[in-house]
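Each step along the sequence shown adds one to the number in the UniProt record's numbering, with nothing skipped, and position 112 is 112.
In this text, a Cβ means the ideal position worked out from N, Cα and C, and glycines have one as well.
For clarity, every value in this text was computed on a predicted model and none was experimentally measured.
Only one structure is covered here, and it is reproduced in the block below.
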Amino acid sequence: MTDTVNVAILGASGYTGAELVRLLLRHPRVRVTALTADRKAGHAMADVFAQFSGIELPRLTSIGEFDLDAVDLVFCALPHGTTQQVIADLFARKPSLKVVDLSADFRLTDPAAYEEWYGHPHQALELQGGAVFGLTELNREAIKAARLVANPGCHSTTSILPIIPLLRERLINPDAIVINSATGMSGAGRGAKEEMLFSEVSEGVHAYGVGRHRHTAELDQEYEKAAGRSARATFTPMLLPMNRGIYATITVTLEAGATAEALHASLATTYWGEPFVQVLPLGKAPHSRHVRGSNNVQIGVIADRGPDRAIVISTLDNLVKGASGQAVQNMNLLCGFEETDGLGQLAIFP
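Printed below as a string of structure tokens:
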């Protein structure tokens, strides 16, 4: 690709679409040339998100109206189950296109698993085989050579990054991983929902999707790949009355001879030099407020009182590293840019 790429964002009226715009406006080598949002087609982006007032951006259009010939790369920030046919049509019209998909439509490599978790057959199997799971730090080389990157889910990213190295090095039991993952409300999207009203979620916390949350399928897939055998984590997501962030508390059972110190050393070695992953000193727990608004992940390892257990805590911003920031990180790899381009913002604190 050239020094500057032209990108389109499909689904720009949602939270992840708006976050992509926010990040890309500061990217030195990207030009946003098309924004789509079917229900908001014809509106200015500033009419939908007032934070973009005074910034020159394309008007929102429907997907069929933008000039694909003028676009090098497409971000799909569309709802799950709607993206497969859209991307198939885009590739049919322009085979040289690069796509980063933020939905779940291409994350699962097994079509049977997709049908089980999403309730319908996969609609673009011919593309699924070439899709790369876009957890950047773990699949960097494959992403560079891809044309379709399936951005992981926010819960998945939070719980895969700290656990994969431990499974690869046989430090923990793959059958005894217990994850409690608390997320902010923006993870539910921008659509109006009664259960998302302020009075419904404030001043409390509750679990949802217990035992059946769809991100569990991504955990199964990636944990099994790392462990080299079956791995079934217990995953419980919870909703917190905050706008952004995910905070995963993961209890693991140690394999014989392993210690919390060994887990910490494994993670510190794996992520040494990674620009967006910080492994904190042994015994220190991260805070979600310290990654808010950034593309950073912070991981802590703490010894449990039982000698055969440890607690691994991971936190990130669900709209940045959990979605749009990781998508930009993957775009940078696809385009041969510096991986950190457009992603240098620090956390917003307090």
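Contact under 8 Å by Cβ, residue i with residue j
{"i": "Asp308", "j": "Gly293", "result": "no"}
{"i": "Ala226", "j": "Arg168", "result": "yes"}
{"i": "Phe235", "j": "His264", "result": "no"}
{"i": "Asn330", "j": "Val149", "result": "yes"}
{"i": "Ala233", "j": "Ile177", "result": "yes"}
{"i": "Leu127", "j": "Phe91", "result": "yes"}
{"i": "Tyr15", "j": "Ser202", "result": "no"}
{"i": "Asp60", "j": "Ala12", "result": "One detail in the question is off: residue 60 reads as Leu in this sequence, not Asp. Going by C-beta atoms, Leu60 is nearer than 8 Å to Ala12."}
{"i": "Ser266", "j": "Leu166", "result": "yes"}
{"i": "Lys144", "j": "Leu23", "result": "no"}
{"i": "Ala327", "j": "Leu102", "result": "yes"}
{"i": "Pro275", "j": "Glu224", "result": "no"}
{"i": "Phe133", "j": "Arg107", "result": "yes"}
{"i": "Ile87", "j": "Val99", "result": "yes"}
{"i": "Ile246", "j": "Thr315", "result": "yes"}
{"i": "Phe66", "j": "Ala8", "result": "yes"}
{"i": "Asp341", "j": "His120", "result": "no"}
{"i": "Arg147", "j": "Gly129", "result": "no"}
Beta bridge counterpart(s) of residue i as assigned by DSSP
{"i": "Met238", "result": "Ala182 and Ala207"}
{"i": "Gln221", "result": "The partner list for Gln221 (beta bridge, DSSP) is empty, contrary to what the question assumes."}
{"i": "Tyr247", "result": "Ala182 and Thr315"}
{"i": "Ile177", "result": "Val252"}
{"i": "Ile299", "result": "Val279 and Ser314"}
{"i": "Val201", "result": "Note: Val201 sits in no beta bridge, so no partner."}
{"i": "Val320", "result": "Answer is none; Val320 lacks a bridge partner."}
{"i": "Val149", "result": "Val100 and Val132"}
{"i": "Ile163", "result": "Bridge partners of Ile163: none, in fact."}
{"i": "Arg309", "result": "Thr253"}
Nearest-angstrom beta carbon gap, residue j and residue i [assumed within contact, 8 Å]
{"i": "Val71", "j": "Leu10", "result": "Actually they are not in contact, since the Cβ atoms of Val71 and Leu10 sit about 10 Å apart, beyond 8 Å."}
{"i": "Gly325", "j": "Leu343", "result": "6 Å"}
{"i": "Leu319", "j": "Glu19", "result": "5 Å"}
{"i": "Ile311", "j": "Ile302", "result": "5 Å"}
{"i": "Thr36", "j": "Ser62", "result": "6 Å"}
{"i": "Leu240", "j": "Gly184", "result": "6 Å"}
{"i": "Arg39", "j": "Thr4", "result": "No, Arg39 and Thr4 are not in contact; Cβ-Cβ is about 31 Å, not under 8 Å."}
{"i": "residue 367", "j": "Leu161", "result": "Nothing about residue 367 can be read from this structure; the chain reaches only from 1 to 350."}
Identity of the residue in the options nearest residue i by Cα
{"i": "Gly54", "options": "Leu343, Ala217, Gln329 and Leu25", "result": "Leu25"}
{"i": "Thr158", "options": "Pro350, Ile313 and Leu197", "result": "Ile313"}
{"i": "Glu255", "options": "Pro241, Leu171, Arg244 and His206", "result": "Leu171"}
{"i": "Gln84", "options": "Glu65, Gln123 and Leu197", "result": "Gln123"}
{"i": "Arg244", "options": "Ala262, Gly322, Ala131 and Ile250", "result": "Gly322"}
{"i": "Ala248", "options": "Pro237, Gly257, Met242 and Ala258", "result": "Pro237"}
{"i": "Asp105", "options": "Thr259, Trp117, Glu141 and Val291", "result": "Trp117"}
{"i": "Glu218", "options": "Gly153, Pro58, Asn173 and Thr270", "result": "Gly153"}
{"i": "His43", "options": "Leu57, Asn151 and Val32", "result": "Leu57"}
{"i": "Pro281", "options": "Val291, Asn295, Ala260 and Asn296", "result": "Ala260"}
{"i": "Asn6", "options": "Asp110, His27, Glu200 and Arg31", "result": "Arg31"}
{"i": "Asp220", "options": "Ser199, Asn295, Thr109 and Gly306", "result": "Thr109"}
{"i": "Gly64", "options": "Phe52, Phe337, Ala50 and Asp89", "result": "Asp89"}
{"i": "Tyr208", "options": "His155, Asn173 and Val252", "result": "His155"}
{"i": "Ile348", "options": "Asn295, Asp304, Gly306 and Cys335", "result": "Asn295"}
{"i": "Asp175", "options": "Leu197, Val252, Ala112 and Val210", "result": "Val252"}
{"i": "His287", "options": "Ala182, Glu222 and Gly257", "result": "Ala182"}
{"i": "Ala50", "options": "His215, Val21, Ala34 and Asp304", "result": "Val21"}
{"i": "Gly336", "options": "His80, Glu141, Ala34 and Pro111", "result": "Glu141"}
{"i": "His206", "options": "Gly228, Glu222 and Met242", "result": "Met242"}
beta-carbon residue i near the ligand FAD non-hydrogen atom, thresh 7 Å
{"i": "Tyr223", "result": "What this structure holds is no ligand at all, so the ligand FAD is not there to describe."}
Item to complete: Quick one: which unbroken beta strand (DSSP E) runs of 3-plus residues sit fully inside the UniProt domain "Semialdehyde dehydrogenase NAD-binding" (6-146)? Chain order, please.
Response: 30-36, 73-76 and 98-101
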